[in-house]
Amino acid sequence: MSAEATVVNPVSGASVWIQTIDAIGYYEDDIPLGVLEYDFTDKQPRRQGQSNGLLLPYNQAITTPRLPITANETSIGWDVVRRAIGGTLDVSVFTNIQMQVGNAPLNFMIMGRNAPVKIRL
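Each residue of the sequence shown is one higher than the one before, counting from 408 in the working numbering.
In structure tokens form, the structure reads like this:
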């Protein structure tokens, strides 16, 4: 499984670099579906004088590459995903994002409930 997202830097006059994303998705708040752990600093070439990671230029929509998700292959979680293939599934997602805005490191913790997620092969 994999995920991708489109993100926009809303900070005028400052570069934003996404460094890491750690997330876990649940169905009905208690059935774990999968875990995403991605370190953009390992995947991008180092740039002299700038932070490492995925650059988000101001006010431009950037789509991440497909990020791998480690599926929770319990019988219940896997069955929920399998039945949703070709449709959508409401997923609660708990996400921790480490980023750098200008020279300031920031850590964001985000919880999204019942986000409609497209499930496809």
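Here a beta-carbon is modelled for each residue, glycine too, at the ideal position from N, C-alpha and C. From a predicted model like this one, the values you see are computed outputs, not experimental measurements.
Rank A511, V423, D429 by C-alpha distance to the C-alpha of V355 and give the top, closest one.
Outside the shown range of the chain, which is 408 to 528, sits residue 355, and nothing can be said about it.
What number of angstroms, rounded off, separates the C-alpha of N459 from the C-alpha of F515?
17 Å
Leaving aside the five residues before and after G509 along the sequence, list all residues of the same chain whose C-beta is less than 6 Å from its C-beta, in chain order.
A421
So is I425 buried or exposed if we call it buried at 16+ other beta carbons inside 10 Å?
buried
How is the beta strand (DSSP E) around N521 delimited, first residue to last?
511-525
Run the CB neighbour count on N521, radius 10 Å, all protein chains shown included, and call it buried at 16 or more, exposed below.
exposed
How about I476 and M408: do their beta carbons lie closer than 7 Å?
yes
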